[in-house]
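Novice: Residue numbers (my numbering): 1008 to 1222. All C-beta atoms in this analysis are idealised placements derived from N, C-alpha and C, irrespective of residue type, glycine included. Here it is: the structure, laid out below.
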Amino acid sequence: MLDNQTKQWLEGLRFIQSKKNRSLHKGIKKSPYEAMFGSTQRVGLADSTLDKETYECLETEEDLEQILRGLSIPESDRETEEDVNSTVPCAICENYGIVQPCGKCSVRIHTNKTDAIRDQRESAKTGLEKQAAKMLALSQQKLLPIKVGQNVVVKVPDVDRGRLAPRNVLAVVLSVNESGLYKLGTKEGVLERIYSRNEFTLADSNFIAESDIPS
(Lines of atoms letter the chains of each structure in order from A and count residues from 1; the text may use other names and numbers.)
(Lines give C-alpha, C1' and ligand atoms only; values in the text may rest on other atoms or scores of the structure.)
Protein backbone atom coordinates (compact mmCIF):
# COMPACT_ATOMS: atom_id res chain seq x y z
CA MET A 1 0.00 0.00 0.00
CA LEU A 2 2.87 2.36 0.76
CA ASP A 3 4.66 1.57 -2.50
CA ASN A 4 1.50 2.10 -4.55
CA GLN A 5 0.52 5.19 -2.54
CA THR A 6 -2.99 3.96 -1.86
CA LYS A 7 -5.22 3.45 1.15
CA GLN A 8 -7.26 0.71 -0.51
CA TRP A 9 -6.43 -2.39 1.54
CA LEU A 10 -7.87 -4.58 -1.22
CA GLU A 11 -4.80 -3.75 -3.30
CA GLY A 12 -2.64 -5.71 -0.86
CA LEU A 13 -4.70 -8.91 -0.83
CA ARG A 14 -3.06 -10.30 -3.96
CA PHE A 15 0.38 -9.90 -2.40
CA ILE A 16 -0.76 -11.61 0.80
CA GLN A 17 -2.30 -14.47 -1.19
CA SER A 18 0.87 -14.80 -3.25
CA LYS A 19 3.02 -15.00 -0.13
CA LYS A 20 0.70 -17.62 1.35
CA ASN A 21 0.78 -19.72 -1.82
CA ARG A 22 4.58 -19.82 -1.93
CA SER A 23 5.08 -20.55 1.79
CA LEU A 24 6.04 -24.06 2.90
CA HIS A 25 3.03 -26.13 3.98
CA LYS A 26 3.76 -28.37 6.94
CA GLY A 27 1.47 -31.16 5.76
CA ILE A 28 2.35 -31.46 2.07
CA LYS A 29 6.05 -30.54 2.61
CA LYS A 30 5.96 -27.96 -0.21
CA SER A 31 4.21 -24.74 -1.13
CA PRO A 32 0.57 -24.85 -2.35
CA TYR A 33 1.67 -23.24 -5.63
CA GLU A 34 4.26 -25.97 -6.23
CA ALA A 35 1.71 -28.70 -5.47
CA MET A 36 -0.76 -27.14 -7.91
CA PHE A 37 1.47 -26.25 -10.87
CA GLY A 38 4.49 -28.53 -10.42
CA SER A 39 7.05 -25.72 -10.15
CA THR A 40 8.04 -23.02 -7.69
CA GLN A 41 6.40 -19.63 -7.95
CA ARG A 42 8.40 -17.03 -9.86
CA VAL A 43 8.68 -13.79 -7.89
CA GLY A 44 10.58 -10.65 -8.79
CA LEU A 45 13.56 -10.11 -11.05
CA ALA A 46 15.61 -12.81 -9.35
CA ASP A 47 13.35 -15.42 -10.98
CA SER A 48 13.32 -13.71 -14.39
CA THR A 49 15.50 -14.46 -17.41
CA LEU A 50 17.62 -11.36 -16.77
CA ASP A 51 21.20 -11.79 -15.60
CA LYS A 52 22.02 -10.93 -12.00
CA GLU A 53 24.45 -8.23 -13.11
CA THR A 54 21.70 -6.67 -15.20
CA TYR A 55 18.98 -6.24 -12.58
CA GLU A 56 21.30 -5.45 -9.65
CA CYS A 57 22.16 -2.05 -11.13
CA LEU A 58 18.50 -1.08 -11.69
CA GLU A 59 17.17 1.80 -9.62
CA THR A 60 13.84 2.76 -11.24
CA GLU A 61 11.12 1.14 -13.31
CA GLU A 62 12.21 3.29 -16.26
CA ASP A 63 15.62 1.59 -16.18
CA LEU A 64 13.93 -1.82 -16.35
CA GLU A 65 11.68 -0.74 -19.22
CA GLN A 66 14.70 0.51 -21.15
CA ILE A 67 16.49 -2.82 -20.74
CA LEU A 68 13.39 -4.78 -21.77
CA ARG A 69 12.99 -2.63 -24.88
CA GLY A 70 16.58 -3.37 -25.77
CA LEU A 71 15.92 -7.10 -25.50
CA SER A 72 12.87 -7.00 -27.77
CA ILE A 73 13.17 -8.58 -31.21
CA PRO A 74 12.39 -6.47 -34.31
CA GLU A 75 9.05 -7.22 -35.89
CA SER A 76 10.63 -8.22 -39.18
CA ASP A 77 12.79 -10.90 -37.52
CA ARG A 78 10.17 -12.21 -35.13
CA GLU A 79 8.76 -15.65 -35.79
CA THR A 80 5.14 -16.15 -34.96
CA GLU A 81 4.28 -18.90 -32.51
CA GLU A 82 2.20 -20.66 -35.13
CA ASP A 83 5.08 -20.73 -37.63
CA VAL A 84 7.51 -22.11 -35.05
CA ASN A 85 5.12 -24.80 -33.85
CA SER A 86 4.35 -25.93 -37.39
CA THR A 87 7.93 -26.03 -38.73
CA VAL A 88 10.15 -26.93 -35.75
CA PRO A 89 9.76 -30.42 -34.18
CA CYS A 90 10.51 -31.32 -30.59
CA ALA A 91 14.16 -32.32 -30.16
CA ILE A 92 13.15 -35.26 -27.93
CA CYS A 93 10.03 -36.87 -29.43
CA GLU A 94 10.42 -35.30 -32.94
CA ASN A 95 6.70 -34.42 -32.99
CA TYR A 96 5.28 -31.02 -33.90
CA GLY A 97 3.38 -28.97 -31.36
CA ILE A 98 3.91 -26.23 -28.79
CA VAL A 99 7.69 -26.05 -28.34
CA GLN A 100 9.83 -23.65 -26.33
CA PRO A 101 13.60 -23.09 -26.35
CA CYS A 102 15.53 -24.69 -23.50
CA GLY A 103 17.02 -22.13 -21.13
CA LYS A 104 20.44 -23.85 -21.15
CA CYS A 105 20.99 -25.20 -24.67
CA SER A 106 18.31 -23.28 -26.69
CA VAL A 107 17.04 -26.56 -28.19
CA ARG A 108 13.27 -26.43 -28.74
CA ILE A 109 11.33 -29.02 -26.76
CA HIS A 110 7.77 -29.60 -25.59
CA THR A 111 6.99 -27.89 -22.29
CA ASN A 112 4.66 -30.52 -20.90
CA LYS A 113 4.52 -30.32 -17.10
CA THR A 114 1.85 -32.98 -16.67
CA ASP A 115 4.25 -35.52 -15.16
CA ALA A 116 5.80 -32.95 -12.82
CA ILE A 117 2.38 -31.76 -11.64
CA ARG A 118 1.21 -35.35 -11.07
CA ASP A 119 4.33 -36.19 -9.07
CA GLN A 120 3.98 -33.08 -6.92
CA ARG A 121 0.32 -33.82 -6.18
CA GLU A 122 1.05 -37.44 -5.32
CA SER A 123 3.76 -36.24 -2.95
CA ALA A 124 1.34 -33.73 -1.41
CA LYS A 125 -1.26 -36.47 -0.96
CA THR A 126 1.28 -38.69 0.80
CA GLY A 127 2.24 -35.82 3.10
CA LEU A 128 -1.39 -35.16 4.06
CA GLU A 129 -1.98 -38.87 4.75
CA LYS A 130 1.04 -38.96 7.06
CA GLN A 131 -0.17 -35.83 8.83
CA ALA A 132 -3.64 -37.34 9.31
CA ALA A 133 -2.17 -40.58 10.66
CA LYS A 134 -0.03 -38.61 13.12
CA MET A 135 -3.05 -36.61 14.32
CA LEU A 136 -5.11 -39.79 14.70
CA ALA A 137 -2.38 -41.51 16.71
CA LEU A 138 -2.09 -38.48 19.00
CA SER A 139 -5.87 -38.41 19.47
CA GLN A 140 -5.96 -42.11 20.32
CA GLN A 141 -3.29 -41.60 22.98
CA LYS A 142 -5.26 -38.83 24.67
CA LEU A 143 -8.73 -40.38 24.26
CA LEU A 144 -8.75 -44.04 25.23
CA PRO A 145 -11.42 -46.23 23.61
CA ILE A 146 -14.60 -46.99 25.59
CA LYS A 147 -16.18 -50.42 25.73
CA VAL A 148 -19.79 -51.33 25.06
CA GLY A 149 -21.90 -51.02 28.21
CA GLN A 150 -19.88 -48.22 29.79
CA ASN A 151 -21.59 -44.93 30.66
CA VAL A 152 -20.55 -41.64 29.10
CA VAL A 153 -21.43 -37.96 29.52
CA VAL A 154 -22.53 -36.19 26.34
CA LYS A 155 -22.55 -32.39 26.20
CA VAL A 156 -25.74 -30.87 24.80
CA PRO A 157 -25.09 -28.16 22.18
CA ASP A 158 -26.20 -24.69 23.27
CA VAL A 159 -28.45 -24.31 20.23
CA ASP A 160 -30.38 -27.48 21.17
CA ARG A 161 -30.62 -26.80 24.90
CA GLY A 162 -33.42 -24.93 26.63
CA ARG A 163 -32.85 -22.52 29.48
CA LEU A 164 -33.77 -25.05 32.16
CA ALA A 165 -32.43 -28.12 30.34
CA PRO A 166 -29.30 -29.87 31.67
CA ARG A 167 -25.96 -29.13 30.03
CA ASN A 168 -25.02 -32.82 29.80
CA VAL A 169 -26.83 -36.09 29.15
CA LEU A 170 -25.90 -39.46 30.64
CA ALA A 171 -25.78 -42.23 28.05
CA VAL A 172 -24.56 -45.80 27.63
CA VAL A 173 -22.46 -47.15 24.76
CA LEU A 174 -24.55 -49.58 22.70
CA SER A 175 -22.10 -50.39 19.89
CA VAL A 176 -18.90 -49.28 18.17
CA ASN A 177 -18.49 -49.55 14.41
CA GLU A 178 -15.30 -50.27 12.45
CA SER A 179 -14.62 -46.54 12.04
CA GLY A 180 -14.50 -46.01 15.80
CA LEU A 181 -17.86 -44.22 15.98
CA TYR A 182 -20.17 -44.87 18.92
CA LYS A 183 -23.89 -45.50 19.05
CA LEU A 184 -25.32 -44.21 22.33
CA GLY A 185 -28.57 -44.62 24.19
CA THR A 186 -30.30 -42.91 27.12
CA LYS A 187 -33.28 -43.83 29.28
CA GLU A 188 -35.42 -41.92 26.77
CA GLY A 189 -34.24 -44.01 23.83
CA VAL A 190 -31.43 -44.46 21.31
CA LEU A 191 -29.79 -41.26 20.11
CA GLU A 192 -30.33 -40.63 16.41
CA ARG A 193 -26.76 -40.08 15.25
CA ILE A 194 -23.43 -41.73 16.01
CA TYR A 195 -20.68 -39.97 17.97
CA SER A 196 -16.92 -39.74 17.72
CA ARG A 197 -14.74 -40.31 20.78
CA ASN A 198 -14.01 -36.63 21.36
CA GLU A 199 -17.70 -35.73 21.71
CA PHE A 200 -18.16 -37.31 25.15
CA THR A 201 -16.29 -38.22 28.32
CA LEU A 202 -16.29 -41.36 30.45
CA ALA A 203 -18.71 -41.27 33.41
CA ASP A 204 -17.54 -42.03 36.95
CA SER A 205 -19.87 -45.04 37.29
CA ASN A 206 -22.27 -47.08 35.19
CA PHE A 207 -25.66 -45.68 36.17
CA ILE A 208 -27.47 -46.95 33.07
CA ALA A 209 -27.46 -50.50 31.71
CA GLU A 210 -28.12 -51.52 28.12
CA SER A 211 -31.34 -53.17 29.26
CA ASP A 212 -32.63 -49.80 30.49
CA ILE A 213 -32.73 -48.40 26.97
CA PRO A 214 -36.23 -48.64 25.42
CA SER A 215 -36.29 -50.29 22.02
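Among 1216, 1076, 1158, which has the Cα closest to the Cα of residue 1207?
Specialist: As a working mapping, residue 1207 is identified with position 200 in the sequence shown. Among 1216, 1076, 1158, the Cα nearest to that of residue 1207 belongs to 1158.
Novice: With DSSP collapsed to three states, give me the class of residue 1131.
Specialist: Locating residue 1131 in the sequence shown gives position 124, counting from the first residue. Three-state result, residue 1131: helix.
Novice: Would you say the stretch 1180-1193 touches the stretch 1165-1172, given that touching needs at least three Cβ pairs under 8 Å?
Specialist: Flag = no, the stretch 1180-1193 and the stretch 1165-1172 do not touch.
Novice: Exposed or buried, residue 1179, counting other C-beta atoms within 10 Å across all chains shown (16 or more means buried)?
Specialist: Your numbering for residue 1179 matches position 172 in the sequence shown. Under this definition residue 1179 is a buried residue.
Novice: Just tell me which of 1154, 1155, 1061, 1203 has its CA closest to the CA of residue 1161.
Specialist: Translated into positions along the sequence shown, residue 1161 becomes position 154. Out of 1154, 1155, 1061, 1203, 1203 has the C-alpha closest to the C-alpha of residue 1161.
Novice: Along the chain, which unbroken stretches of the beta strand (DSSP E) at least 3 residues long are found entirely within the stretch 1155-1182?
Specialist: 1158-1162
Novice: Roughly how many angstroms lie between the CA atoms of residue 1016 and residue 1029, to the nearest whole one?
Specialist: Taking the first residue of the sequence shown as position 1, residue 1016 is located at position 9. Taking the first residue of the sequence shown as position 1, residue 1029 is located at position 22. Taking the straight line from one Cα to the other gives about 21 Å.
Novice: Please state if the CB of residue 1034 and the CB of residue 1135 are separated by a distance shorter than 8 Å.
Specialist: For the purposes of this step, residue 1135 is identified with residue 128 of the sequence shown, where counting begins at 1. For the purposes of this step, residue 1034 is identified with residue 27 of the sequence shown, where counting begins at 1. The answer is yes: Cβ separation under 8 Å.
Novice: Bridge partners for residue 1190 per DSSP, in chain order?
Specialist: Along the sequence shown, one-based indexing puts residue 1190 at 183. Listed as beta-bridge partners of residue 1190 by DSSP are 1182.
Novice: Do you know offhand how far residue 1050's Cα is from residue 1020's?
Specialist: As a first step, residue 1050 must be located in the sequence shown, where it is residue number 43. As a first step, residue 1020 must be located in the sequence shown, where it is residue number 13. Rounded to whole angstroms, residue 1050 to residue 1020 spans 16 Å at the Cα level.
Novice: State yes or no: is the C-beta of residue 1219 within less than 8 Å of the C-beta of residue 1190?
Specialist: For the purposes of this step, residue 1219 is taken as residue 212 along the sequence shown, with counting starting at 1. For the purposes of this step, residue 1190 is taken as residue 183 along the sequence shown, with counting starting at 1. Their beta carbons are not under 8 Å apart, which means residue 1219 does not touch residue 1190 by this criterion.
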